[in-house]
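Note that the UniProt record's numbering has the sequence shown beginning at 1, numbered continuously upward. Worksheet for the structure shown next.
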Amino acid sequence: MSPSYGRGLLHLAAAIDQPAVFDAGSHVELARLAERGGLDFVTLDDTFARPGPDALCVLSRVAPATNRVGLVPTVTTTHTEPFHVQAAVATLDWVSRGRAGWRIDVSGTEGEARLFGRRHAAAPDELWREAGEVADVAARLWDSWEDDAEIRDAPTGRFLDRDKLHHVDFAGDSFSVKGPSIVPRPPQGHPVRVVDATEGHARPVAARYADVALVQAVSPAQAAAVRDELRRRAREFGRGPGTPRVLASLLIDLGDGEHAAEPGHGGGGPRQTAQGPLYRGGPVDLAELIAAWYKDGAVDGFHLTPAEPRRDLERLVNGTVALLQHRGLFRTFYPGSTLREHLGLARPANRYAVAGGAS
């Protein structure tokens, strides 16, 4: 099988989740380690279902302590205000100088709904329809400031060109937003949107709005089938070839050091567990697995979640990534400075400026 667009090097990302860790310094350390390996981005999960620090706030602390690696927090679209969500993500893009992403997720339990007291839990299809509307209005609000809307003309006292601010006047099934945003257009235009498309409910949103789709799969064929479905749907929405980028999600346990992968974890593919597909073995066999899936054209790369964050991320960077770099499959340096550049994604045009300033 082969992809329908010209691919460059493979893409690699890693989770830096550390349950019950409230020290931002620990997250900085892991993000710096990922950056040393040239990874495209790191993710930090978040949910209303468990206590812990806010992922977007933690990565805002990580931003000034890193220089190149992308920063992608999970921010749920359920029970939150879309206007505030887009402003927070845009702020992270400014703080990180164009390295922000947004992992879109929903909250589906009654316990989470009770935390807010506004409504009962809804069905997954309804929640993901709402998530799609939030993704849509976020992009509109990011475009509500044209890139040169800020004048900062001290002699005349004009800070903004009001003709380059636009109302979005969005009305959806769950909410309405007038706009414009309170945050200038982000450095990337649109911060990178990431969706886990493993479950069918999320796939329409991933196909229409995601720049990166994550897919849990235990074989290249399984991953390729979801990728092909996503890209077929994306074409129906008028999106270009190679959209979205599709990364296979794997939980990795590299605790056995240089030992070969356990049966069912290496060349035969990862093993399905309650937590998702798991690879257990050494960095060498993991590099072989990644190279094989990528060369087969099944995926554009991998999103890897270390079973033991510090130990496994270090072995990933020093072992697996180094081998992939040696084989010419992965970058040895960042050629650009933004997450979109890492992923080979163009900076989106402003829909209002393209329309000649019409709102």
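Ideal Cβ placement from N, Cα and C applies to all residues, glycine included. Just so you know, these numbers come straight off a predicted model, no measurement behind them.
The residue among Gly108, Val137, Leu141 with its C-alpha nearest the C-alpha of Leu127 is Gly108. Between Phe22 and Gly238, the alpha-carbon positions lie close to 43 Å from each other. Glu133 is classed as buried because its beta carbon has at least 16 other beta carbons within 10 Å across all chains shown.
Of the other Cβ atoms in all chains shown, 16 or more fall within 10 Å of the Cβ of Phe330; this residue is therefore buried. Counting only the Cα atoms, Gly157 lies some 51 Å from Arg232. Cβ atoms of Thr43 and Arg103 come within 8 Å of each other, at about 6 Å. With a minimum length of 3 residues, the unbroken runs of beta strand (DSSP E) contained wholly in the stretch 42-122 fall at 70-76, 101-105.
Where Ala138 is concerned, the enclosing alpha helix (DSSP H) starts and stops at 124-142. Residue pairing for His303: DSSP places it in a beta bridge opposite Ala13, Ser249. If you compare the alpha carbons of Ser181, Thr91, Ala131 with that of Ala206, the shortest gap goes to Ala131. Sorting Glu110, Gly52, Val58 by C-alpha distance to the C-alpha of His79 places Glu110 at the top.
Under the three-pair Cβ rule at 8 Å, the stretch 113-120 does not count as touching the stretch 177-187. With a cutoff of 8 Å on beta-carbon distance, Leu165 and Glu150 are scored as not near each other. The stretch 316-330 and the stretch 63-83 do not touch, with fewer than 3 CB-CB distances between them shorter than 8 Å.
The secondary-structure analysis by DSSP pairs Glu199 with nothing; it has no beta-bridge partner. Taking each of Arg203, Asp143, Val137 in turn and checking the Cα distance to Ser174, the smallest one comes out for Val137.
For the 8 Å CB-CB criterion, Ala31 and Val72 do not form a contact. When secondary structure is reduced to three states using DSSP, Gly319 falls in the helix class. Put simply, the backbone Cα of Glu236 is about 45 Å away from that of Asp153. Counting the other CB atoms within 10 Å of its CB gives Gln216 a total of 16 or more, which places it among the buried residues. The beta carbon of Gly301 lies closer than 6 Å to those of Leu10, His11, Leu12, Leu247 in the same chain, with the five residues before and after it left out.
Residue burial annotation: Gln18 is buried, with at least 16 other C-beta atoms found within 10 angstroms of its C-beta. Between Phe41 and Gly101, the beta carbon gap of about 6 Å places them in contact (Cβ cut-off 8 Å). In its chain, beyond the 5 residues on either side, Thr43, Thr305 have a beta carbon closer than 6 Å to the beta carbon of Ala15. Non-local beta-carbon contacts of Arg208 in its own chain, meaning distances under 6 Å to residues more than five positions away in sequence, involve Phe237 in chain order. Around Leu313, the same chain offers Ala14, Leu30, Leu33, Ala34, Pro306 as residues with beta carbons nearer than 7 Å, after the five sequence neighbours per side are excluded.
Taking all protein chains in view, the Cβ of Ala90 is crowded by 16 or more other Cβ atoms within 10 Å, so the residue is classified as buried. Counting C-beta atoms within 10 angstroms of its own C-beta, Ser60 has 16 or more neighbours from the protein chains shown and is therefore classed as buried.
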